[in-house]
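Numbering (UniProt numbering), first residue to last: 1 to 91. Here the structure comes first, spelled out in structure tokens, and everything after it is commentary.
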């Protein structure tokens, strides 16, 4: 799937509307194959982004967990560690 779509569930603070919209946009871009749709497809593209965002909001609000909320800083640190292990240190 799309590597740019980030996990949005179980974060403190919760996912913002902008994060949900950005993930939805990436998903629709991946499905459609368009980074920027043509004028003829623009309305359908935007409608799809809004529908995916609405579904994502519903999903995120419906999920339950007993795990402690994650922080964005801790997740970013883990991602940096994985990148170093995979690609080595930056120069």
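Note that beta-carbon positions come from the ideal geometry of N, C-alpha and C, so glycine has one too.
Rounded separation between residue i and residue j - CA only
i: residue 60; j: residue 15; result: 9 Å
i: residue 21; j: residue 89; result: 33 Å
i: residue 58; j: residue 80; result: 30 Å
Three-state class that DSSP yields for residue i in the structure shown
i: residue 11; result: strand
i: residue 70; result: strand
i: residue 89; result: coil
i: residue 58; result: helix
i: residue 34; result: coil
i: residue 6; result: coil
i: residue 25; result: helix
i: residue 18; result: helix
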